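Visitor:
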Amino acid sequence: MIVNDIFLVFGLWDLCGVAAMLIAWLGMGWWIEHPGSARPSVTVMMADYRRKWMAALAEREVRIFDAQILSSLRQGTAFFASSSILAIGGLLALMGSPDQISGLAMMFNQNAPPAVVFQMKLAFAVFFVVNAFLKFVWANRLFGYCAVIMAAVPNDPKIAVAEPRAGLAAEINIRAAMNFNRGLRAMYFAIAGLAWLAGPWALMAATLATVWTLWSREFSSLSQKLLEDQA
Numbered sequence: 652m653i654v655n656d657i658f659l660v661f662g663l664w665d666l667c668g669v670a671a672m673l674i675a676w677l678g679m680g681w682w683i684e685h686p687g688s689a690r691p692s693v694t695v696m697m698a699d700y701r702r703k704w705m706a707a708l709a710e711r712e713v714r715i716f717d718a719q720i721l722s723s724l725r726q727g728t729a730f731f732a733s734s735s736i737l738a739i740g741g742l743l744a745l746m747g748s749p750d751q752i753s754g755l756a757m758m759f760n761q762n763a764p765p766a767v768v769f770q771m772k773l774a775f776a777v778f779f780v781v782n783a784f785l786k787f788v789w790a791n792r793l794f795g796y797c798a799v800i801m802a803a804v805p806n807d808p809k810i811a812v813a814e815p816r817a818g819l820a821a822e823i824n825i826r827a828a829m830n831f832n833r834g835l836r837a838m839y840f841a842i843a844g845l846a847w848l849a850g851p852w853a854l855m856a857a858t859l860a861t862v863w864t865l866w867s868r869e870f871s872s873l874s875q876k877l878l879e880d881q882a
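Numbered by our numbering, the letters in the sequence shown go through residues 652 to 882 in order.
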């Protein structure tokens, strides 16, 4: 009964568009984090530099510079988490008053769908924004854990625990960055998900554009080439 109701509200192409976006979101995330050795992603190459950063940290006596870098990373996660909250509030406000969107749609189509259709389409975008918010919050906390572990690395690299703790700090830092990047990707797809308001074909086109943007920045950008040359 529920499946039949869904088909009454949305057509087959709507469901295909939603499925395509979810598959693209999960597939791009996996591909970026597990690329082949022939063409590594920016995310993977930056993970190696994070390990080199912590290895250098263990050799430094003065670590003010490292603390400033980590502070800027935490500020970035806090900014995007706050932005996600604002986006969630804005989308929920639209869901609470869908008549405005319905009225705009009727200007172009006299047979505009009911308000519940727009609410469900907005809920799809909310799903991605909420996911992004959770990733940003967790990334912020992991960067905090990393700061504590970095502070526990002895100034003398000859001390036995210095290298293992620096390595642990690197891995926690990498996990934080990975969650931050996952949050950014979710924001990309949230913006693309809003295209569903214009129909399933617009949703599919936005999905393709988002996949292309993510792929080009991770695998075919100038930053990727520069990092690969120095690998």
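Quick reminder that beta carbons are idealized off the backbone N, C-alpha and C, glycines included.
None of the values given here were measured: they were computed from a predicted structure.
Go through the stretch 690-728 residue by residue and report every complete run of the alpha helix (DSSP H) that reaches 4 residues or more, in order.
Guide: With a minimum length of 4 residues, the continuous alpha helix (DSSP H) runs that stay inside the stretch 690-728 are 693-710.
Visitor: Between the C-alpha atoms of Ser-722 and Gly-668, what's the straight-line distance to the nearest angstrom?
Guide: Translated into positions along the sequence shown, residue 722 becomes position 71. Translated into positions along the sequence shown, residue 668 becomes position 17. The straight-line gap from Cα to Cα measures roughly 40 Å.
Visitor: Just to confirm before moving on: does the CB-CB distance between Ser-735 and Ala-783 stay below 9 Å?
Guide: Locating residue 735 in the sequence shown gives position 84, where the first residue counts as 1. Locating residue 783 in the sequence shown gives position 132, where the first residue counts as 1. Their beta carbons are under 9 Å apart, which means Ser-735 touches Ala-783 by this criterion.
Visitor: Check each candidate in Val-695, Lys-703 and Ala-828 and name the one with the smallest Cα separation from Phe-794.
Guide: Indexing the sequence shown from 1 puts residue 794 at position 143. For the residues Val-695, Lys-703 and Ala-828, the minimum Cα distance to Phe-794 belongs to Ala-828.
Visitor: Buried or exposed for Leu-777, please, with buried defined as at least 16 other CB atoms from any protein chain shown within 10 angstroms of its CB.
Guide: Sequence index remark: in the sequence shown, residue 777 carries index 126 (1-based). Checking the sequence, you will find Val at residue 777 rather than Leu. It counts as buried.
Visitor: Could you tell me the alpha carbon to alpha carbon distance between Met-801 and Met-697, rounded to whole angstroms?
Guide: Here residue 801 refers to the residue found at position 150 of the sequence shown. Here residue 697 refers to the residue found at position 46 of the sequence shown. Answer to the nearest angstrom: the Cα atoms are 18 Å apart.
Visitor: Who are the near neighbours of Pro-851 in its chain, counting only those whose CB is closer than 6 Å to its CB and skipping five residues on each side?
Guide: As a working note, residue 851 is residue 200 in the sequence shown. Cβ neighbours of Pro-851 beyond the five flanking positions: Trp-664, Asp-665 and Gly-668.
Visitor: What do you reckon, are the CB atoms on Ala-846 and Ala-853 nearer than 9 Å?
Guide: Here residue 846 refers to the residue found at position 195 of the sequence shown. Here residue 853 refers to the residue found at position 202 of the sequence shown. Yes; because the gap between Cβ atoms is below 9 Å, this pair is in contact.
Visitor: Where does Ser-748 sit, in a helix, a strand or coil, going by DSSP?
Guide: Sequence index remark: in the sequence shown, residue 748 carries index 97 (1-based). Coil.
Visitor: Where Ile-823 and Trp-681 are concerned, what is the direct C-alpha to C-alpha distance, given to the nearest angstrom?
Guide: Looking up residue 823 in the sequence shown gives position 172. Looking up residue 681 in the sequence shown gives position 30. Straight-line Cα distance between these residues: approximately 19 Å.
Visitor: For the putative contact between Ala-889 and Pro-808, defined by C-beta atoms under 8 Å, what is the C-beta separation to the nearest angstrom?
Guide: This structure cannot settle anything about residue 889, because the visible part of the chain is limited to 652 through 882.
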